[in-house]
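Have a look at the structure below, then the notes.
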Ligand code: NAD
């Protein structure tokens, strides 16, 4: 069994750390507000530096790249040489690469491993991890992540996991707005939501935004639309991820014309009515604009 330091015990980190505890690992967590983790039985240290003391593996799950770097300021000199240091936060590709450089300079083995699957996946231990790391470390990384994972995909070297994550979420945001516009148009043309769903889910419009996270109540009873758009995957997180995608597009000179539009739509939604809604609540914006 491994000794794991887990820093950032929020909506995602607390249940992820709890799954590591349940798998028999020795876990020392740290968070500025640790109550959720304590409630789940995750042992919590007094500081980030104390949490990493004696750890073989360090995992961070924080809101932003700036905070990942701030936590690295506190811990890098205290982590044992040769340890894996895994960042599962969603941060910019270039921030992930500079974090990896800092970890290598401190004698550590860096891993970027952002996740897909949300709080439900974190609780169930079924997250999809997108991993950027050295090939030689993949077997050990996969074993370490296993209690939290449904799937672990090696995407390439440092930063590749974050790259895969922004590409996926760019695709997802565009498809969700497409699905939402199609439902509102179909309704105005006299179709029922069920008919739109039955046709498109068996035709070329088929996608996850339709068949799993359907933005209208009824056709997919487990989707957030059936519970007043309670997240799920909250709109502000989607707006954040689209910001990272556009940052990556600018750095690489990629023309993501629709992505830019979708980012501005989600930014406005997340700052207003959609602040507490699942990202599929964007259909309410389409409806309001169509009245
Ligand atoms: P959260 O805000 O619930 O948790 C972040 C935690 O970090 C908080 O508990 C906060 O107190 C802690 N924190 C902040 N600064 C700290 C510091 N300096 N030292 C120690 N702890 C500190 O966020 P979350 O929903 O758990 O998301 C975490 C990351 O996972 C984000 O990067 C997010 O984009 C990504 N993500 C979230 C979801 C989701 O559905 N929530 C899905 C996929 C990816």
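Residue numbers (my numbering): 2 to 292.
Heads up, the beta-carbon is just placed ideally off N, CA and C, and yes, glycines get one too.
Original post:
Based on the DSSP secondary-structure assignment, which residues constitute the bridge partners of residue 155?
Top reply: DSSP, once it has assigned bridges, lists 132 as partnering residue 155.
**OP:** Identify, in the order they occur along the chain, each residue of the same chain with its Cβ nearer than 6 Å to the Cβ of residue 63, setting aside the five sequence neighbours on each side.
**Re:** Hits under 6 Å: 9, 69 and 90.
**OP:** Check whether the segment 260-271 touches the segment 232-241, taking contact to mean three or more Cβ pairs, one atom from each stretch, closer than 8 Å.
**Re:** They touch, by the three-pair rule.
Original post:
With DSSP run on the structure shown, which of helix, strand or coil describes residue 296?
Top reply: In the structure as shown, the chain starts at 2 and stops at 292, and residue 296 therefore has no counterpart that could be examined.
Original post:
What are the boundary residues of the beta strand (DSSP E) that residue 30 is part of?
Top reply: Element bounds for residue 30: 27-31.
Original post:
What did DSSP end up calling residue 85 once you bin it into helix, strand or coil?
Top reply: For residue 85, the secondary structure class from DSSP, reduced to helix, strand or coil, is strand.
Original post:
Beta carbon of residue 18, beta carbon of residue 86: below 9 Å?
Top reply: When the beta-carbon positions are compared, residue 18 and residue 86 stay at least 9 Å from each other.
Original post:
According to DSSP, which residues form a beta bridge with residue 110?
Top reply: Residue 110 pairs with 85.
**OP:** Measure the alpha-carbon distance for residue 234 versus residue 281 and round it to whole angstroms.
**Re:** Here the alpha carbon of residue 234 sits roughly 8 Å from the alpha carbon of residue 281.
Original post:
Can you give the Cα-Cα distance for residue 65 and residue 188, rounded to whole angstroms?
Top reply: When only Cα atoms are considered, residue 65 and residue 188 end up about 39 Å apart.
Original post:
Under three-state DSSP, which class holds residue 8?
Top reply: Correct three-state label for residue 8: strand.
**OP:** Mind checking who residue 150 pairs with in its DSSP beta bridge?
**Re:** Its beta-bridge partners are 128.
**OP:** Give the DSSP-derived three-state secondary structure of residue 205 in the structure shown.
**Re:** Correct three-state label for residue 205: coil.
Subject >> Which of helix, strand or coil DSSP assigns to residue 61 >> reply: Residue state, collapsed to three classes: strand.
**OP:** Report all residues from its chain with a CB closer than 6 Å to the CB of residue 14; omit the five preceding and five following residues, and keep chain order.
**Re:** Excluding residues up to 5 positions away in sequence, 62 lie with their Cβ nearer than 6 Å to the Cβ of residue 14 in the same chain.
**OP:** Could you tell me if residue 128 is buried or exposed, where buried requires 16 or more neighbouring beta carbons within 10 angstroms of its beta carbon?
**Re:** Buried, because 16 or more other Cβ atoms sit within 10 Å of the Cβ of residue 128.
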